[in-house]
Amino acid sequence: MTPDEYVEAVLALVERIPPGRVMSYGAVADALAERSGRASPRLVGSIMARHGGGVPWHRVVNAAGRLPPGHEREARARLRAEGTPLRGDKVDIAAANWSPPGDDRTR
DNA sequence: TCCATGACAGTTT
DNA sequence: AAAACTGCCATGG
1 MTPDEYVEAV LALVERIPPG RVMSYGAVAD ALAERSGRAS PRLVGSIMAR HGGGVPWHRV
61 VNAAGRLPPG HEREARARLR AEGTPLRGDK VDIAAANWSP PGDDRTR
């Protein structure tokens, strides 16, 4: 799989995240690992930083529910507008965690 | 080609 | 419970 397609797959998955829900970078990487065979949370993060400009990146947070550095304010505002379960300035992962349809592991 | 860096995660101290 | 350390894989210099 070429890097470009990998990026495309990540963006596609992020776009599929329904409003009010979020996914951790690790979850995205894991879901993608089944198709690409290789993935790491860092990669997803890097990809989002470089190509995340056209997708709801605010629906992707790190495992701690922490918002991306430099965009915390914006992400917080958007998440709150979408009804995402927020715990202070973080996302309530336990309640907002989402997995893509077709992924049997969490089902 | 090798070294350093990065919207992260999981484990151990 | 919080902080620090190590592991991950691809990209940039």
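Following full-length UniProt numbering, the numbering of the first sequence begins with 1 at its first residue and continues without gaps. Where is the CB? At the ideal position from N, CA and C, for every residue including glycine.
- Taking Asn-97 as reference, the option from Pro-69, Glu-5 and Pro-18 with the minimal CA-CA separation is Pro-18.
- Distance between Gly-53 and Leu-13, taken at the CA atoms: about 14 Å.
- Leaving aside the five residues that flank Met-48 on each side, the residues in its chain whose CB is nearer than 7 Å to its CB run, in chain order, Trp-57 and Val-60.
- Here Gly-65 is buried. Its C-beta has 16 or more other C-beta atoms within 10 Å.
- With respect to Ala-27, Ala-39 sits apart: the two C-beta atoms are not nearer than 7 Å.
- Its Cα nearest to that of Asp-4, the residue Ser-36 stands out among Gly-88, Ser-36 and Tyr-25.
- The UniProt region "Disordered" (81-107) is shown to contain whole alpha helix (DSSP H) runs of 4 or more residues at 93-96, in chain order.
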